[in-house]
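Take the sequence shown: its letter number 3 is residue 2 in numbering that gives the first Met the number 0, and every next letter is one higher.
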Amino acid sequence: MVNLTTLKETAEEGLRFLRRQKDVHEAELFVADNAVLTARLNYVSHIPCNGVEEPKSIESHGLSVRAVFTDPKGHRVGMGSEPGNLSLDGVKAALDKARRIAVQDPHFTRLRSCAGRLAGPFSSLGSL
């Protein structure tokens, strides 16, 4: 399991990197660490098993970037992710993926701002 300090440092470093990109108008960076523990309960009267079968655990971590890119024809929007990578290289790779698949969406206006954060470009990033 990744500790909270690592997640926070990755987010801060990644946001600084995204702010320096000349073609990025707005961006969101998501970092996550997930753990799922699952056990199937199956009680039957003819098998002495205490009811627990197939205990499983899954752990995952990674990041994703959703970015709005400036374009002479209008803004383009894309999203890229890097599972299993919480480094600046992961942020760069996710941004490259977002850049490659970015499309123009005539109905898109801007990334959603969080309450209490500054308006304008990078408003959804806010301060950590």
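Think of the CB as a built atom: it goes at the ideal place given N, C-alpha and C, for glycine as much as any other residue.
In this text, all values refer to a predicted model and were calculated from it rather than measured experimentally.
TODO: Select from V102, P82 and Q103 the residue whose C-alpha is nearest the C-alpha of A93.
DONE: The shortest C-alpha separation from A93 is found at P82.
Open item on the list: Assuming contact is defined by CB atoms lying nearer than 9 Å, are R109 and E27 in contact in what I supplied?
Closed with: No; because the gap between Cβ atoms is not below 9 Å, this pair is not in contact.
Task: Status (buried if at least 16 other CB within 10 Å, exposed otherwise) for V102 - done: Exposed: under 16 other Cβ atoms inside 10 Å.
Open item on the list: Tell me the rounded alpha-carbon separation between V23 and V35.
Closed with: Their backbone Cα atoms lie some 34 Å apart in a straight line.
Task: Distance, N41 Cα to R98 Cα - done: Rounded to the nearest angstrom, the two C-alpha atoms are 48 Å apart.
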